[in-house]
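Chains as they are written, first to last, in my numbering: chain A, 1 to 375; chain B, 376 to 750; chain C, 751 to 1125; chain D, 1126 to 1500.
All C-beta atoms, glycine included, are put in the ideal place defined by N, C-alpha and C.
One structure is given here, and the rest of the page talks about it.
Number of protein chains: 4
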Amino acid sequence: MKQPLRFGLIGHKFMGKAHSQALHDVSFFFEARFEPVRAVLCGLEDDLPEAAARYGWQRWTHSWREVVADPEIDVVVIATPGNTHCEIAIAAAEAGRHVICEKPLALDAEQAARMCKAVERAGVKHLVNFNYRRVPAVQLARQLIEQGRLGEIYYFRGTYWQDWPLDPAFPFVWRFDKAIAGAGSMADKGSHLVDLALYLVGDIVEVAATTEIFVRERPAPEGAARRVTTDDAAAFLARFRSGAIGLFGTSRMSAGHKNALGFEVNGSRGSLIFDLERLNELQVYFVGDDRAARGFRTIMVTEPVHRYVDRWWPPGHVLGWEHTFIHQYYEFLHALETDTLPSPNFHDGLKVQRVLDAVEQAVAEKRWIGVPEGT
Amino acid sequence: MKQPLRFGLIGHKFMGKAHSQALHDVSFFFEARFEPVRAVLCGLEDDLPEAAARYGWQRWTHSWREVVADPEIDVVVIATPGNTHCEIAIAAAEAGRHVICEKPLALDAEQAARMCKAVERAGVKHLVNFNYRRVPAVQLARQLIEQGRLGEIYYFRGTYWQDWPLDPAFPFVWRFDKAIAGAGSMADKGSHLVDLALYLVGDIVEVAATTEIFVRERPAPEGAARRVTTDDAAAFLARFRSGAIGLFGTSRMSAGHKNALGFEVNGSRGSLIFDLERLNELQVYFVGDDRAARGFRTIMVTEPVHRYVDRWWPPGHVLGWEHTFIHQYYEFLHALETDTLPSPNFHDGLKVQRVLDAVEQAVAEKRWIGVPEGT
Amino acid sequence: MKQPLRFGLIGHKFMGKAHSQALHDVSFFFEARFEPVRAVLCGLEDDLPEAAARYGWQRWTHSWREVVADPEIDVVVIATPGNTHCEIAIAAAEAGRHVICEKPLALDAEQAARMCKAVERAGVKHLVNFNYRRVPAVQLARQLIEQGRLGEIYYFRGTYWQDWPLDPAFPFVWRFDKAIAGAGSMADKGSHLVDLALYLVGDIVEVAATTEIFVRERPAPEGAARRVTTDDAAAFLARFRSGAIGLFGTSRMSAGHKNALGFEVNGSRGSLIFDLERLNELQVYFVGDDRAARGFRTIMVTEPVHRYVDRWWPPGHVLGWEHTFIHQYYEFLHALETDTLPSPNFHDGLKVQRVLDAVEQAVAEKRWIGVPEGT
Amino acid sequence: MKQPLRFGLIGHKFMGKAHSQALHDVSFFFEARFEPVRAVLCGLEDDLPEAAARYGWQRWTHSWREVVADPEIDVVVIATPGNTHCEIAIAAAEAGRHVICEKPLALDAEQAARMCKAVERAGVKHLVNFNYRRVPAVQLARQLIEQGRLGEIYYFRGTYWQDWPLDPAFPFVWRFDKAIAGAGSMADKGSHLVDLALYLVGDIVEVAATTEIFVRERPAPEGAARRVTTDDAAAFLARFRSGAIGLFGTSRMSAGHKNALGFEVNGSRGSLIFDLERLNELQVYFVGDDRAARGFRTIMVTEPVHRYVDRWWPPGHVLGWEHTFIHQYYEFLHALETDTLPSPNFHDGLKVQRVLDAVEQAVAEKRWIGVPEGT
């Protein structure tokens, strides 16, 4: 018999919808002892009741404190702007709820560290939703590296391009406000890249960086223009503990790119290339292939041998973006079931935050900045 | 208030799972007056109860006749091998159920014509699940052609490659048996291509063709080898009523291709190319672009202006294979709501069948065969 | 000491220029005992003297008979429209010249057979310029097939798209005139495809086909419109002696394609894909690769192990279209030096012609037509 | 009547061969008043006489001083390792020869500045062979940017990957020796990227960087291992005067990449992407395209409207790597004919050197370094 697990979700817009569907679908595809129950949806805007109905939530509330305090809630999911993560997560942990938090985990490493302490002290499970780890092709990349099939890793290149606010007439939204969002493309997009780099190549020890705001004012709904205080684009260099070099670029102003997270890893025995807009594919090159017929293989990562895929469809029946959320929830349920720590968790989120803080400092001081160690 | 619509689904394997999820998810994403209820799941094997539970069906039965006869059922979905479609569909129609049927609609045009008559006589809604019409990129292709942006259509090339039974040791399954499957790659894959050709370019009036079986015997579960009686691969030519030429290839023995439905359309003012393994993209070339900067555009068909996409995620957050089923169900619900004929319906299925019958005859007689007209 | 080999080239337009450069460059890159001398260039138009000067020819003449009769000429190269090949080639052979002839070899198999007899009787060397055999990637394709790395061949798909006369205002030129060109895209483009199919998969025994003219009249220089009598597009099916299926499409009216010869070969152990617009690459899939990391390899065919490449540049320094002509001349010089038959020679040209004749008959009779055997 | 222009080429290996062919072919394709004469080839190794014969040089010498001093020589071409450029170029200029020099121009900006002064003082023509400017697709990129079709430029990403010495057993050659080569991938590959960035986006004012040597010792011909003193890989950030951000990566240890120079430019109205391994293509995205059909266009840059292409072949008949050298020589001859300054010239070479010097200093000092201005 399945055991119900009651979720409270804070945030009902894009991320709220994605989390809702993952809760709606995870049991359809994946085996788990726990059956997620969509208990309460929390949000601020007037369309909350409609969203709650459509996305299958039992009730709704405008108060996140009510969600956190509700003794019936087992798991709190935080899908709100970055400046609220810390307070909600700590409150949820202190109330004894497991916590799933959107990325980046916090506005800075100090917040993230406090969040880590809170969940540790409370003994609850915690997960930060770096969902792109859960693309089957990324799992394959990780597996190939772990198996040593790429040899010693020399170089990591990660780029994340979007163009949603390319038009200078695109209005001011919270992502342009440093007080709410913490940073711009560097954090919003860069946190995914840094997480993948840490996941695939290991610790980053030093960074240098630059950022820029290309459109400095945006029309505000209230009529006047508002000043943009988060970066439109960033570029940074990293040194990994292993000796590998890292090259990172992010931008929300790169015309033609919609959700173009891409990375390449070069090692002594091979290379691999990933592009999120073609997320069912991984390109891999093996030095050991016979000389006349060596080349990047475009692997359709849709075989039963690939992680998660056996739960879906036959080979070549491709998955989409939302499946990463479903996989993430499966991992969370599985961790609960086996009483293990979900991955990536708040400690992973903190590590990313430390790198991003160093990036920010490197921009300000125009020099290489070391990334502090610690867990 | 939403009105429940009770479904009975016959078939609980791959197709059964896909239909179940579509029924599970359609209301999450799309507005409709009707709310699908997964009432009864029908299948033959022992794992039926487990499937029914996992896929959210209220009950199960081994008898399709029971499903069809159940007065509480509004819609019967047929997701069984081809040799059973005709009998079940006619029985369902006669019992007053709306009918959704997997493709190809029947074993031949004679069966398909009888099915058409039955649903017409009964006045029920009917749909044949050529789900690839429901890829947003295919919708865009259709729209560009309808708007005349490709001009007069000259050439249609459609190919569908898979490689699942490439290994001669792959065991005998029902798809190798002509009595059950009707035909091999020519019908199973070719029916999709023909449907898309008819949808995009119009009626086919004549065909020439060849087919081949490369592995003539397959190991059977019972130990002995069984003779394969359906084609491994086919190739055919077509003439469209418009004067356009059609070139078609299908194979289940094309190494490296998993679900590689592809087509290209050339017209007097432009061309377009589609590949199901990259189903979020459509390549389009416009003759009218400025001479120095003309080239095939790789369009990410993930913008709100693209059909169905506004109900999903922001640009660049790609969809997968299963979404075509959800879109198909949305179209069905919408047709019920507006009391219009769903598309593609049994008449479309019959048209495809007439082409496939002509292909089969063309193979046998080694000459061009005309495709009979009619609706 | 190198031995001069005196060439007479008939035709000074596009093909004349390409042959001239090949003669100009072949010794720069390839070792051979013979040193080509550009002795005489022949053409009809007024710009001949200028072309002769620019392309380094010692003299020019308007009379091909003079070229053929000149005892100082060792090799006659025929780069004129198809209706002149037969007469010139036979005259050249009878005068004791070696003969290189552009493709397709003749207007029909009857002419081609006479040409074969003439060169055989005269004991001269002969070559038909199916230059795409000389792409390093095509050589690799052939080598992989010969080594059995693709296993038994099941399917050959060949397509050749261009769009140069897409505009109905494009004027009437000799390629639109059946009396001069023999056929349209079917022969001009199709002959390349058929040659490659024969080269890679072996004899074709039967064909079915269709052709179409989309723009039936073209403006003529003299003012009035002229009727187009060669096909704009063709599609045909073939059966190979081996049991493999062939699918062929050609068109000069496929918007967006400039010189898009492409083919794919599927076998029991692998597949390969080639695209002339990316001629430095070959895509290859091996069934034997490990299951988790199988995929089409995009091989850069620019390694020293690849045929011809060691004479050019380091890996990744790509070759272009013209290099195929230089390779073809190297093969010719090498055959002379070793007193072997060049490849592809007139017998290969005749084989292609027999297939094209059958295609033409198949169009006319609307049925499958056998291809006669013989050498 | 054409006027002979007598060349002396110093260096007879890979670069020597490429320059020789360009001199051999340039008049075949391009109109110019000057006719290049391959007068004298200079090199150190024993195979020099053979190379001189094969590549069509009238004579050879082991002494570059003899070449420079020869009053019959009009143009000296320097295709030797970087540590010799300065001395030879200055001697050539002082002797009144025009000078063509391989890239990077010198070991550092100080040398490059002296070379600039020498050619200016002598009033001779000078050119630095950043040949990738001469790819038709790069010309198109420049033209689109100049026409404002990409709007204001925000971001330049340039990467250059090779893998020739990936194997640790690859022997020590001069490129691993800082005293001879100046730097490794950062200069050898990076100089091309920086030149293209300056050409397309304008001045770079500041840089930050890191480099690494992954294989620290290489087997030497003499038996013992030698220490590698040039970087295997580099990564650097740049700020352009315009406010744009630059992201650069270079490596000679990136498995699977042979000559993979790539760049992307993002602007307020569009983007473009180039890849040297597919050098006939340019990908371009225009924000102004209609919303439903926007996408990166893959332009085949083989139309007569594209720079240089009208002198070659019809559309779709692709060019290769060597053509960039031929175009470069055409530009040089044209500059002589019109008495204008060739492009890119020593001043361009100096600008690149200043950026590379700043990169080197940035690596050493671990901070952002300004690039000095000046011409």
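- Exclusion of the five residues before and after P690 of chain B leaves T677 and E678 as the residues of its chain whose Cβ lies within less than 6 Å of its Cβ.
- A direct Cα-to-Cα measurement between S1316 of chain D and L237 of chain A gives close to 19 Å.
- Comparing alpha carbon positions, the residue from A:G151, A:W313 and A:R114 closest to R354 of chain A is A:R114.
- When the Cα atoms are used, F880 of chain C and I850 of chain C turn out to be separated by approximately 11 Å.
- Taking a C-beta distance under 8 Å as the contact criterion, V1202 of chain D and V1193 of chain D do not qualify as a contact pair.
- When the alpha-carbon of E264 of chain A is set against those of A:L272, A:K258 and A:H257, the nearest one is in A:L272.
- As a beta-bridge residue in DSSP terms, T586 of chain B pairs with B:A609.
- Distance check between D400 of chain B and each of B:T715, B:P719, B:W687 and B:A710 places B:W687 closest, using alpha-carbon atoms only.
- The closest CA to that of Y805 of chain C, considering only C:Q912, C:W814 and C:H762, is found on C:H762.
- According to DSSP, W1286 of chain D shares a beta bridge with D:S1376 and D:A1385.
- For H1077 of chain C, the CB contacts under 7 Å within the same chain, skipping 5 residues up- and downstream, are R884 and Y1058 in chain order.
- Shown in chain order are the members of the stretch 654-682 of chain B whose Cβ falls below 7 Å from a Cβ of chain D: V659, R666, A667, A668, R669, G670, F671, R672, T673, I674, M675, E678, V680 and H681.
- By the C-beta density criterion, E485 of chain B is exposed, having fewer than 16 other C-beta atoms within 10 angstroms.
- The criterion of a C-beta distance shorter than 8 Å is satisfied by W1189 of chain D and I1213 of chain D.
- No Cβ-Cβ contact shorter than 8 Å links L105 of chain A with R142 of chain A.
- Using a CB distance below 9 Å, the part of the stretch 511-526 of chain B facing chain D consists of L515, Q518, L519 and R524, ordered along the chain.
- A residue is called buried once 16 or more other Cβ atoms fall within 10 Å of its Cβ, and E587 of chain B is buried on that count.
- Taking a beta-carbon distance threshold of 8 Å, N634 of chain B counts as an interface residue toward chain A.
- Neighbourhood of D1150 of chain D in chain C, by CB distance below 9 Å: Q771, H774, D775 and F778, in chain order.
- The Cβ-Cβ distance between I1135 of chain D and T1205 of chain D falls below 8 Å.
- As the crow flies, the alpha-carbon of F1301 of chain D is around 8 Å from that of D1356 of chain D.
- The alpha-carbon of A233 of chain A is positioned some 14 Å away from that of L247 of chain A.
- Note on geometry: alpha-carbon atoms of V205 of chain A and L1386 of chain D lie some 28 Å from one another.
- Of all alpha-carbon atoms in A:F332, A:R278, A:S27 and A:F214, the one lying nearest the alpha-carbon of S251 of chain A is that of A:F214.
- Taking all protein chains shown into account, L419 of chain B has fewer than 16 neighbouring C-beta atoms within 10 Å of its C-beta and is therefore exposed.
- Collapsing the DSSP output to three states places A600 of chain B in a strand.
- For a cut-off of 8 Å, the C-beta gap from K1250 of chain D to H1223 of chain D is around 4 Å, short enough to register as a contact.
- For Y535 of chain B, the closest Cβ of chain C is not nearer than 8 Å.
- It is roughly 54 Å from the alpha-carbon of R976 of chain C to the alpha-carbon of A493 of chain B.
- Closest in C-alpha terms to P747 of chain B, from the list B:D578, B:C417 and B:A397, comes B:D578.
- Contacts with chain D at 8 Å (Cβ-Cβ) do not include P915 of chain C.
- In this structure, R644 of chain B keeps its C-beta atom at 8 Å or more from the C-beta atom of Q658 of chain B.
- Under the three-state reduction of DSSP, F757 of chain C is assigned to strand.
- Per DSSP, reduced to three states, the secondary structure at Y308 of chain A is coil, with no helix or strand assignment.
- In this chain, the alpha helix (DSSP H) harbouring V1193 of chain D covers W1189 to A1194.
- The shortest CA-to-CA distance from F920 of chain C to any of C:G901, C:W911 and C:E967 is the one to C:E967.
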